[in-house]
Amino acid sequence: MPRNVDLNLLPALQAILEEQSVTRGAARLGLSQPAMSASLGKLRRHFRDELLTRNGNLYELTPLAQQLVEPTHTAVRAVGRLFANEGEFDPATADREFTVVMSDYATEALAPTVSRLLRQSSPASRLHINSITPQIVDTAPDSMRTRDLIVMPHGFLTGLSHRDLYEDDWVCIVSADDESASRELTMDDLANRPWAVTFHQRTAFTTSVQQLRMQGVEPTVEVVTENYLTLGSLVAGTNRVAVVQERLGRLLERKGQVKVLQPPFAADPLVETMWWHPTYDNDAAHKWFRDLFITAGIEIT
Numbered sequence: 001m002p003r004n005v006d007l008n009l010l011p012a013l014q015a016i017l018e019e020q021s022v023t024r025g026a027a028r029l030g031l032s033q034p035a036m037s038a039s040l041g042k043l044r045r046h047f048r049d050e051l052l053t054r055n056g057n058l059y060e061l062t063p064l065a066q067q068l069v070e071p072t073h074t075a076v077r078a079v080g081r082l083f084a085n086e087g088e089f090d091p092a093t094a095d096r097e098f099t100v101v102m103s104d105y106a107t108e109a110l111a112p113t114v115s116r117l118l119r120q121s122s123p124a125s126r127l128h129i130n131s132i133t134p135q136i137v138d139t140a141p142d143s144m145r146t147r148d149l150i151v152m153p154h155g156f157l158t159g160l161s162h163r164d165l166y167e168d169d170w171v172c173i174v175s176a177d178d179e180s181a182s183r184e185l186t187m188d189d190l191a192n193r194p195w196a197v198t199f200h201q202r203t204a205f206t207t208s209v210q211q212l213r214m215q216g217v218e219p220t221v222e223v224v225t226e227n228y229l230t231l232g233s234l235v236a237g238t239n240r241v242a243v244v245q246e247r248l249g250r251l252l253e254r255k256g257q258v259k260v261l262q263p264p265f266a267a268d269p270l271v272e273t274m275w276w277h278p279t280y281d282n283d284a285a286h287k288w289f290r291d292l293f294i295t296a297g298i299e300i301t
């Protein structure tokens, strides 16, 4: 770290970048406007950039400032973690934000129970859920240094500690009004129907589709989505088929969009797993939070 870096400017930088206003940034930190203006001046000299420029009646971030938003958030979280690590953790009095990276499917399955348990045990703490992105997966384990957990199956992450949470079987979904598939699907159906699938670059297609390919069936992909919860609307009213986790399939079925059918092939169940950076293996707060997820996984099975 450069010797001339003033870490006291970090909160001011975050406030200015997120509020895009000296006045609002000052109010957020409880500072006077002249004090915040002085901090902005120091930041401008450090970065050799205006950071905040006027456009008519509004202020806008410069291109460099826009690039600083995410790294600044990461730095603030890292510093906060450093000074919050006191060796002991009392959830009843803790005021902490826990960040979890999950798909919309995992959020639907786990988050309601986790948030309830968190509120009951640590009412002042907060749960921040991020979507899974290729960048987070591809840059792990480094990307997990400032995040508590990422929830996803085996096969995509290395260099992280992990614990299995629960299993979910795979099912097929077709449109609720699809009379041609009233009872069951055949392998020929899967080969001939158009598919709706989920895809996340490195995370690729779902493991069930990979298993299907091993049996010689190559899905004819018609629609690709990064969100599991959109599969119901992408299948409804069409002759498409999708393979989804049974919990998700039953949810979409209850909404009246699709009907659930058993797959005509043997598919290993999905094992949903939580992963974390080994740095936090013995962190008291982190261990408590992991136990919260373990309890949630037990409750939903």
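In this text, residue positions in the sequence shown follow our numbering: the first is 1, and each later residue adds one.
For each residue, glycine too, the CB sits at the ideal point set by N, CA and C.
Given the structure is predicted, the values throughout are model-derived calculations rather than measurements.
Worksheet entry | Start-to-end residues for the beta strand (DSSP E) that takes in Met274 | If you number the sequence shown from 1, residue 274 lands on position 274. Run containing Met274: Leu270 to Trp276, per the beta strand (DSSP E) assignment.
Worksheet item: Quick one, are the C-beta atoms of Ala106 and Trp170 less than 8 Å apart?
Response: As a working mapping, residue 106 is identified with position 106 in the sequence shown. As a working mapping, residue 170 is identified with position 170 in the sequence shown. Ala106 is not a Cβ neighbour of Trp170, given a cutoff of 8 Å.
Item to complete: Can you say whether Arg290 is buried or exposed, counting buried as having 16 or more other CB atoms within 10 angstroms of its CB?
Response: Along the sequence shown, read from residue 1 onward, the residue named residue 290 stands at position 290. Per the 10 Å Cβ criterion, buried.
Worksheet item: When the Cβ atoms of the segment 270 to 289 are set against those of the segment 163 to 181, are three or more pairs found closer than 8 Å?
Response: Yes, the segment 270 to 289 is in contact with the segment 163 to 181.
Discussion item. Am I right that Thr304 and His73 are in contact with their C-beta atoms under 8 Å? What's the rounded C-beta distance?
Written reply: The structure shown does not extend to residue 304, since the chain spans only 1 to 301, so no value can be given for it.
Worksheet item: What residue does the beta strand (DSSP E) around Met52 start on, and which one ends it?
Response: The residue given as residue 52 occupies position 52 in the sequence shown. Note that residue 52 corresponds to Leu in the displayed sequence, not to Met. Run containing Leu52: Leu52 to Asn55, per the beta strand (DSSP E) assignment.
Discussion item. Under 8 Å, with one C-beta from each stretch per pair, do the segment 223 to 234 and the segment 138 to 155 reach the 3-pair mark?
Written reply: Verdict: no, contact absent.
Worksheet item: How many whole angstroms separate the CB atoms of Leu160 and Leu292, which I take to be in contact at a CB cut-off of 8 Å?
Response: The residue you call residue 160 lines up with position 160 of the sequence shown. The residue you call residue 292 lines up with position 292 of the sequence shown. About 18 Å separates the two Cβ atoms, so there is no contact after all.
Worksheet item: With distances taken between CB atoms, is the gap from Met187 to Phe89 smaller than 8 Å?
Response: Mapped onto the sequence shown, residue 187 falls at position 187. Mapped onto the sequence shown, residue 89 falls at position 89. No. Outside cutoff.
Fill in: DSSP three-state assignment for Leu10, whether helix, strand or coil
Mapped onto the sequence shown, residue 10 falls at position 10. In the displayed model, Leu10 falls within a helix according to three-state DSSP.
Worksheet item: What does Pro321 pair with, by DSSP beta-bridge criteria?
Response: Nothing in the structure corresponds to residue 321, since the chain is present only between 1 and 301.
Fill in: Exposed unless 16 or more other CB atoms sit within 10 angstroms - verdict on Thr203
Walking along the sequence shown from the start, residue 203 turns up at place 203. Confidence at Thr203 is low in this model, with a pLDDT of 47, below 50, so its placement is unreliable and the value that follows should be read with caution. Burial state of Thr203 is buried, judged by a 10 Å Cβ sphere holding 16 or more other Cβ atoms.
Worksheet item: Taking C-beta to C-beta, are Leu52 and Gln20 nearer than 8 Å?
Response: Position 52 of the sequence shown holds residue 52. Position 20 of the sequence shown holds residue 20. Yes, the pair counts as a contact, with Cβ atoms nearer than the cut-off.
Worksheet item: Which residue or residues does DSSP assign as beta-bridge partners of Asn130?
Response: To locate residue 130, count along the sequence shown from 1; it is residue 130. Answer is Val101, bridged to Asn130.
Worksheet item: Where does the unbroken beta strand (DSSP E) through Ala242 begin, and where does it stop?
Response: Taking the sequence shown and counting its residues from 1, the one referred to as residue 242 is at position 242. For Ala242, the uninterrupted beta strand (DSSP E) run begins and ends at Ala242 to Gln245, by DSSP.
Practice prompt. Could you tell me which residues DSSP puts in a beta bridge with Val258?
Written response: Residue 258 sits at position 258 when you count from the first residue of the sequence shown. Val258 is bridged to Ser175.
Discussion item. According to DSSP, is Ser161 part of a helix, a strand, or is it coil?
Written reply: Reading the sequence shown from its first residue, position 161 is the one you call residue 161. In the displayed model, Ser161 falls within a strand according to three-state DSSP.
Worksheet item: Straight-line CA distance for Arg163 to Ser131?
Response: Counted from its first residue, the sequence shown places residue 163 at position 163. Counted from its first residue, the sequence shown places residue 131 at position 131. Straight-line Cα distance between these residues: approximately 20 Å.
Worksheet item: Which residues bound the beta strand (DSSP E) around Met144?
Response: The residue given as residue 144 occupies position 144 in the sequence shown. Taken as a continuous stretch (DSSP letters only), Met144 belongs to no beta strand (DSSP E), as it is neither H nor E.
Worksheet item: How should Leu7 be labelled, buried or exposed, when 16 other C-beta atoms within 10 angstroms of its C-beta is the threshold for buried?
Response: As a working mapping, residue 7 is identified with position 7 in the sequence shown. Under this definition Leu7 is an exposed residue.
Discussion item. At the level of alpha carbons, what is the spacing between Arg96 and Arg183?
Written reply: Reading the sequence shown from its first residue, position 96 is the one you call residue 96. Reading the sequence shown from its first residue, position 183 is the one you call residue 183. Arg96 and Arg183: Cα-Cα distance of roughly 50 Å.
Worksheet item: What span of residues does the alpha helix (DSSP H) with Leu231 cover, start to end?
Response: Numbered from its first residue, the sequence shown carries residue 231 at position 231. That run of the alpha helix (DSSP H) goes Leu231 to Val235.
Practice prompt. With DSSP as the reference, label Thr62 as helix, strand or coil.
Written response: Position 62 of the sequence shown holds residue 62. DSSP places Thr62 in coil when its eight states are reduced to three.
Practice prompt. Evaluate contact between the segment 240 to 260 and the segment 206 to 221, counting only Cβ atoms and requiring at least three cross-stretch pairs below 8 Å.
Written response: The segment 240 to 260 makes contact with the segment 206 to 221: 3 or more CB pairs, one atom from each, lie closer than 8 Å.
Discussion item. Could you tell me the alpha carbon to alpha carbon distance between Ala124 and Asp178, rounded to whole angstroms?
Written reply: On the sequence shown, residue 124 is found 124 positions in, with the first residue counted as 1. On the sequence shown, residue 178 is found 178 positions in, with the first residue counted as 1. Whole-angstrom Cα-Cα distance: 48 Å.
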